[in-house]
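Protein chains in written order, with the working numbering: chain U, 6 to 217; chain H, 42 to 233; chain B, 2 to 205; chain S, 59 to 458; chain F, 76 to 476.
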């Protein structure tokens, strides 16, 4: 299979409007991934599927990821008036980088037996603009996996024929796999509470909580 | 000829039917309460605490809480003993294992640096008592090293040897700290 | 009949059996489980009914697919919140006298999965459990041991008096309320009349 | 006067005066009928208990395990324990069920089968009701079971029950035909519809061999057709679709609990005893001993022995075969068993027509010719059926 | 009136914007007013004898013919992924046992493989051999049980299942001797295996492998030639090659549709490249092909086991660099997959450098193989639904996770 930069060049030529970016993988020996914007995701996937050199016809895995809003601190050099004269000072700025939901696709090719090609798409934020195109028109294997991601992360896949909750019941309000999800459970009988469990059961076990 | 496959199948079941009367390979039932299968040495069910000598004072556990931290379902609860001044002692005052949660994964055994927690082979623990019968406290958990030898002879012997070596090394170290020269000589002597 | 008369009759070659004994014997030797597997433990439950262990020896191999004909519900596996209403409903559909065995850590307390958002932390929050089998999963022998424990419990039951079994008491409910699925959790999250956790007392 | 009253009379004479006074009362037709009913019900119920145990143990042995062995020595009290439990179990009637029909269905199931059992000859002189048209009565009354199945399925207000009832009706009606056709051959050859006479006709043994109908080609084919159809009629594997556990839970019995379920269960076994009994009567020489020198053993023994053998055959099949699908079942009945049963008529006629052959080896020749016709038809029809459905063994290739 | 069973409604892969709808359009059946009374809606499961656990299918039947089927999942959703994100890498290992609870060894392997990829660990040769042996033994017992369960669904009073479990118990004895537990082995570790083989284990396994063909012969005599089995399985639930690939079907089910794709051959993970084995392929893609393919794969597994048991070297069983505690791989992501008995089992891990994985995702073959369940079942009888489901080979622990 061609390398990811080569592929990116080819894709950029084919879809000039698409925004493509290579996301490096920190783990050595594992493939980097290709980030595609949501608008051209479906077209790019169609290219990957039908291109003669790639023939990535097997969408193996669809994963949802939740990246929380991050507070980034950065040092900025700013000019300030200090005692009548202008000096340059370091100022620490706190900036909130909006989080996003990400969907990662792993493609393989059954006739050419290569892969995986890792494609990612990101939503604009985690709250209201969580739309991504559905790959179900191209790959049926995405059907349940996208439903699962909709269920557990709240990504709305446009073009999915049957976007309902997969694992939780109808009428469930939350998206439990999100990092900030807080479960409703009451641990009123926990004989061995400690650590994360004790945090949850703190109301019932004040004494244990005290001596930690 | 149609029907032949069915007859072949019938022949096979008939063979098993008659075989069950004379062929032990075709009568595999172990009639449980009367006959019990010998467990393999590696078989594990729930954890227990090993003690040497005295069931309370001889516990190997030093209350380091590593197992508590590493236990995947968090079913271990340890409170270390304190002396009068509030200093923590290397001994568990409370050591509870909730067997209603324990999944017998053996990770506590693997991470224990003191070989004090081991896996039992007792599995006949079903009870009608939800709250009383399923929490094993320190006294219920403590089992002797002899028992450990009984259920896992090979492993227990290896552990004993390792502990003995460890103790010797500790003693040698302590002796070395007291008077360097003779201890060094002692270690030299031990070498073959 | 007093004991003296019974022993006298026995000496004469007449064996007397009380109605209670007969009833309890019949019940305990013919426990038909509901063919109802939830998770991993169900495989060990199946294994217990297979040739190696053979639950049939106790007359308990008749796994009925319909709750109407079953006596015993073996809750074999994790009860999730999504499944909990169905489990309670199945229990309600079973005819009295009925028994529940909570098989495995998950059924007793949620077990290794108790921290999950969709896992019920023990089926005894909604159902009266007769026998608990710890283990993850318990060996098939452990299930047979639990069945024998249940048989012992049944054999020891008095049909009259204050400690008669649940199905003969008028104040005990025959059916338990079925929880519904709420927006965040089961509603109610537990059957408060049934689930009364013990205050934990630590040995000092 | 029936054999029962004779027995009672003899007993009365033998034991003394006070019993003798009862003699008049004992020979009263009402008393006689009641006693006969009690004996039939009691004996069959006891037999039912034995058979359920035998089935569980037999299946166990087929599956390399011992089966029930804890209740009583060797588990012989297992049926008693089941019985006690069943009787004392709570009886649930679904709230929205049709209460009356739901209550009646098990009774409607059991009663006709008990009546059918009454016409079977269990031994010489051992028949409760000797009807001239016994076979006709048997089938006429046996069909009521379908009604009961449908009553049960309809009244339960359960979708699985309804599916089961629909299957039961379709299956029982389809297999009624080959069942009746296969028995008609015997009636034709014997020239009587009385079961007693049919049994009597099979007593004459030639060359020390039993004169049972099964030892003729038409009898053999008829018996096999009968057995298949009988398995379907009594919902036995591989035709246990109406209560196919893995598909539709318990079929029409899904909503029944406690004693009503036990009655259904019992009726099903009674049904099996009844059709097996009919099969024995028609094809296996009834209560006749296999060889003349064994005639001193009472006929009831032979009857029971044959019944146990047949029932064990059913258990064996149940332990081996998976079940058919509904449409395959219909195909099997209408396109395979029916033509075969019809062809069996022709064979029987041929057998009858060639009865006059006198040359040496004529019997064997007749036998072979007739058997050839039936066997050829069996093979041809079977092959055609499998080929039409493109069913057959396959050869698999490996990736290079 | 739209006939759902008609092929024009069947799924056709293609690009959006093409003339035909690329994605299967299922009209709401209640729109067909005049026929509504003839239809029977039944909910099969979650407690049903042949849904292999707590799986539910909402069926719409016309007579006994299926005209709509919607699978409903989640009755065993026990939040494996969420729990794994809250605990350490090692703590998730025993949880993987409980995914596909028939095949804990292969689950362990897939997870260990993903973590090894993430952390760059090397597995010693002896451990690789042990892994292959245990994985193939797992395949044997999984396939044997599957066939037993399939026959149970067909209505064979448990006899084939009993025989399968008879053999399975022998394999479980081996697993118990090796790892200490029958089902939940928790045996593999990152960079190797937990403990070395107990004495005599190899000899016992060799005996089992030598005896196993006898069981396979028995099974074949009992089932494969049986006319009822053939009539029930052949031509039922046929899956086309294109749809199989498009729907991400994997494992024996994919190969039954004629696609030559075995991850043991494609990825050559572990040391599978050292072993000679063939990949059987089906031609029809129906239930019988799926059934027979598993039987043939068992014979191929035996062909792997024999040399593996002979050639197994001595040596260490775990990478010396592998740490049990405080295991913190550097930030990055890895996807490791193996050919589990049910299909492609993958683990996708994202590390943020801490002791817990940031994202832990299981690619469940059982769930994805169910994607086409409705396509296979439409137009079939309700009795076929259970056998199609049985031939797909699902385990609910993995479907719902």
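Backbone N, C-alpha and C define an ideal beta-carbon position, used for all residues, glycine too.
Listed by chain order, chain S residues near residue i by CB distance under 7 Å
i                    : result
residue 65 (chain H) : Correct list: empty, because the minimum Cβ distance to chain S is about 10 Å.
Interface residues of chain U facing residue i [CB-CB closer than 8 Å]
i                     : result
residue 131 (chain H) : By Cβ distance, chain U contributes nothing, its closest Cβ being about 17 Å from residue 131 (chain H), past 8 Å.
residue 320 (chain F) : 62, 63 and 115
Interface partners of residue i on chain F, CB under 9 Å
i                     : result
residue 113 (chain H) : 158, 162, 163, 165, 166, 167, 168, 169 and 170
residue 147 (chain H) : 169, 254, 255, 256, 261 and 269
Residue i classed as buried or exposed, judged by whether at least 16 other C-beta atoms fall within 10 angstroms
i                     : result
residue 11 (chain S)  : The question about residue 11 (chain S) has no answer here: the residues shown for chain S are numbered 59 through 458.
residue 128 (chain U) : buried
residue 174 (chain U) : buried
residue 165 (chain F) : buried
residue 131 (chain H) : exposed
residue 86 (chain U)  : exposed
residue 212 (chain H) : exposed
residue 101 (chain U) : exposed
residue 389 (chain F) : exposed
residue 354 (chain S) : exposed
For residue i, three-class secondary structure by DSSP
i                     : result
residue 191 (chain U) : coil
residue 455 (chain S) : strand
residue 4 (chain U)   : Since the first residue shown for chain U is 6 and the last is 217, residue 4 (chain U) is missing from the structure and cannot be characterised.
residue 198 (chain H) : helix
residue 115 (chain U) : coil
residue 215 (chain S) : coil
residue 179 (chain B) : coil
residue 83 (chain B)  : coil
residue 98 (chain F)  : For residue 98 (chain F), the pLDDT reaches just 40, beneath the cut-off of 50, and the residue's location in the model is therefore unreliable, leaving the point undetermined.
residue 212 (chain H) : helix
residue 206 (chain U) : coil
residue 136 (chain H) : strand
residue 178 (chain S) : coil
residue 171 (chain H) : coil
For residue i, the residue or residues it bridges with in DSSP
i                     : result
residue 34 (chain B)  : B:73
residue 456 (chain F) : F:140
residue 414 (chain F) : F:419
residue 162 (chain U) : U:137
residue 114 (chain F) : F:137
residue 158 (chain H) : H:90
Neighbouring residues, chain F, relative to residue i (Cβ below 8 Å)
i                     : result
residue 120 (chain S) : 234
residue 50 (chain H)  : 296, 297, 298, 300 and 301
Proximal residues of chain U, C-beta to C-beta of residue i below 9 Å
i                     : result
residue 117 (chain H) : 197 and 199
residue 184 (chain B) : 176, 177, 178 and 179
Per-residue contacts from residue i into chain H (C-beta, under 7 Å)
i                     : result
residue 142 (chain B) : 73 and 164
Chain H residues whose Cβ lies nearer than 9 Å to that of residue i
i                     : result
residue 124 (chain S) : 61, 68, 70 and 72
Residues that residue i contacts on chain B, provided the C-beta gap is smaller than 8 Å
i                     : result
residue 238 (chain H) : Look at the range of chain H in this structure, 42 to 233, and you will see that residue 238 (chain H) is not part of it.
residue 16 (chain U)  : Those do not exist, as residue 16 (chain U) stays about 39 Å from chain B at its closest Cβ, beyond 8 Å.
Per-residue contacts from residue i into chain H (C-beta, under 8 Å)
i                     : result
residue 444 (chain S) : 43
ask   = Which runs of the beta strand (DSSP E) fall wholly inside the stretch 31-72 of chain U and span at least 3 residues, in chain order?
value = 38-41 and 63-72
ask   = At what residue ranges does the stretch 81-158 of chain U contain a whole run of the alpha helix (DSSP H), taking only runs of 4 or more?
value = 147-158
inquiry  = Please give the ranges of any beta strand (DSSP E) in the stretch 89-127 of chain H, keeping only runs that are unbroken, at least 3 residues long and fully inside the region.
reply    = 117-123
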